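Reviewing the structure listed below.
Residue numbers (the working numbering): 329 to 621.
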C-alpha cells in the first residue's frame, strides 16, 4: 500500500481527517446556535483548516490524475515499496500550496458583535470592512475564486488527463494483471473525483447564485435570501459529507482497499486476540502449564 497513488490518497485522507475532527463539530454547532463562543482564535483557525483541507483534496486529485496518466503511458514506471522522490515532492508542494492559499482566511475572518432581540450576539465571519486592498479584492472575488480553483480546476484537470489516458488504454491491447491493476486504481481516482463533484456542487451553486442574483435593494430580497440560506445549509452539509464518504467510496470501488481494510480489521476481532495470546503462550513451552494460567 506504499505506492505513489496510495501515498497521495493517504495524504488526502489526512486532510479529510483534519476537517472531520476540527471543522465538522464546530460547523454543526454553528448551524444550530446563534452565538459564537469559541473566541477569535478558533474563528480564524476553523476556516483556515477548512480551506487547507479542501486545497489538499483538490491538489491531490489533480496529482492522482497525472500519476494515473503517467502510469499508463510509461510501461517502465518504477514500482516498489519505497515512495519515489517525485511523489514526496508532490505531497510537500500540495501541503505548502494549500496552506498558503488558506492564509487569507486567517487574515479576513474576525468576530463582530451585533444586537438582536435585546441580545449581544458574537458572530464569526469574513469581516465586511477589510483594511488592506488585497483583502478587499479577495472579499469581492472570493466566491468566484473558490468556484474556479477549488471546483472547476480539479474537474477540468481530471477530464483532460483521463481523456488522454482512455485514448491510450483503447490503443493498448494488453490484458496482463499489471494493466488491470492500473485500471482499478484509475477507476478509484475517478470515483473520488465524482464524489467530490457531487458533494461540493450544491454549496458552490448556492454561493454563485447569491453573488449574481441577490440584490440588497430588492424589496422581495428576504424571500430570496431564505431560499439561499436553505441551499447554503444543504451545501455545507454535503461538503462536510465529502470528507466522511471518501473511505466508503474507496471500500466500494477498490478491491485492494477492501483486502487491506479486512486484514486490518481482523486484528480487532476478539478471536484474533485469543489466537495471538495462544501463539504467545506457545513460545513459553518450557514453562509448566500451571504457571501460564
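Where a beta carbon is used, it is the ideal one built from N, C-alpha and C, also for glycine. Since this is a predicted model, take the numbers as computed values, not measurements.
Got a sec? Which residues, its chain only, sit under 6 angstroms from residue i by beta carbon, not counting five neighbours each side?
i           : result
residue 380 : 426, 427 and 430
residue 386 : 478 and 482
residue 571 : 344, 347 and 348
residue 434 : 372 and 376
residue 406 : Low per-residue confidence applies at residue 406: pLDDT is 46, beneath 50, and the placement is therefore not dependable enough to give any value.
residue 486 : 393 and 521
Of the choices the options, whose alpha-carbon is the least far from that of residue i?
i           : options               : result
residue 582 : 564, 443, 511 and 364 : 511
residue 531 : 365, 564, 401 and 354 : 564
residue 516 : 449, 477 and 577      : 577
residue 337 : 541, 496, 487 and 389 : 389
residue 484 : 437, 424, 539 and 518 : 518
residue 569 : 334, 335 and 352      : 352
residue 538 : 552, 527 and 525      : 552
residue 333 : 374, 355 and 418      : 418
residue 382 : 524, 445 and 492      : 524
residue 335 : 420, 350 and 357      : 420
Tell me which residues share the same chain as residue i and place their Cβ nearer than 8 angstroms to its Cβ, disregarding the 5 neighbours each side in the sequence.
i           : result
residue 342 : 384
residue 603 : At residue 603 the pLDDT is 45, less than 50, meaning the model places this residue with poor confidence and gives no usable figure here.
residue 489 : 393, 394, 396 and 397
residue 527 : 566, 567, 569, 570 and 573
residue 474 : 532 and 535
If you draw a straight line from the alpha carbon of residue i to that of residue j, how long is it in whole angstroms?
i           : j           : result
residue 450 : residue 361 : 11 angstroms
residue 414 : residue 422 : 12 angstroms
residue 455 : residue 339 : 32 angstroms
residue 376 : residue 401 : 37 angstroms
residue 608 : residue 416 : For residue 608, the predicted structure reports a pLDDT of 34, less than 50, and the residue's modelled location is therefore unreliable. The matter cannot be settled from this model.
residue 543 : residue 391 : 39 angstroms
residue 374 : residue 465 : 22 angstroms
residue 513 : residue 424 : 26 angstroms
residue 367 : residue 354 : 12 angstroms
residue 476 : residue 378 : 17 angstroms
residue 408 : residue 471 : With a pLDDT of only 46 at residue 408, under the threshold of 50, the placement of this residue in the model should not be trusted; the figure read from the coordinates follows. Computed Cα separation, rounded: 42 angstroms.
residue 461 : residue 444 : 31 angstroms
residue 350 : residue 467 : 24 angstroms
residue 493 : residue 480 : 20 angstroms
For residue i, collect the residues of the same chain with a Cβ closer than 7 angstroms to its Cβ; drop the 5 residues on either side in sequence, then sort them by chain order.
i           : result
residue 534 : 556, 559, 560 and 563
residue 452 : 364, 371, 437 and 439
residue 442 : 449 and 451
May I ask whether a heavy atom of the ligand ZN can be found less than 7 angstroms away from the beta carbon of residue i?
i           : result
residue 467 : Of ligands this structure carries none, so the ligand ZN is not represented either.
> Considering only residues of the region 435 to 498, which uninterrupted beta strand (DSSP E) runs meet the minimum length of 3 residues and lie entirely inside it, listed in chain order?
Replying inline: Runs of beta strand (DSSP E) with 3 or more residues, each lying fully within the region 435 to 498, are found at 437 to 444 and 447 to 454, listed in chain order.
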